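Numbering of the sequence shown is given in my numbering, commencing with residue 1254 and proceeding in unit increments.
Note that beta-carbon positions come from the ideal geometry of N, C-alpha and C, so glycine has one too.
Keep in mind the model is a prediction, meaning the values are calculated, not measured.
Shown next, in structure tokens, is the structure this report addresses.
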Amino acid sequence: MREGCRDCERCTEQGIVGFFRGLGLAVLAIGTLGVSLVVVRIANTGRRMCPVCNHPMGWHHTVGGRFKD
Ligand SMILES: [Zn+2]
Ligand SMILES: [Zn+2]
């Protein structure tokens, strides 16, 4: 997958690390009947989300909440 923005850690995180991280989250979500997803949603509440990839802006390499360029 090449979608996402290049300033986002998660979007630029390619390969086996991202795969296993995603797999782990999926297993965790299934194992807890989706509770973890709810927790993540709650944890993200109040955070600004990236309009491009919908990841928290905190995961982005931004300066003052704005993209570097
Ligand atoms: Zn992203
Ligand atoms: Zn993004």
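For Gly1257, is the beta carbon positioned less than 7 Å from some heavy atom of ligand 2? yes
For Gly1275, I'd like the list of residues in its chain whose CB is within less than 6 Å of its CB, leaving aside the five on either flank, ordered along the chain. none
Cys1306 in three-state terms, based on DSSP: coil
Taking only heavy atoms of ligand 3 into account, decide whether any of them is closer than 7 Å to the Cβ of His1314. No copy of ligand 3 occurs in the structure displayed; its ligands are ligand 1 and ligand 2 alone.
What separation, rounded to the nearest whole angstrom, lies between the Cα atoms of Phe1273 and Val1305? 23 Å
Would you check if the distance between the CB atom of His1314 and the CB atom of Cys1303 is smaller than 8 Å? no
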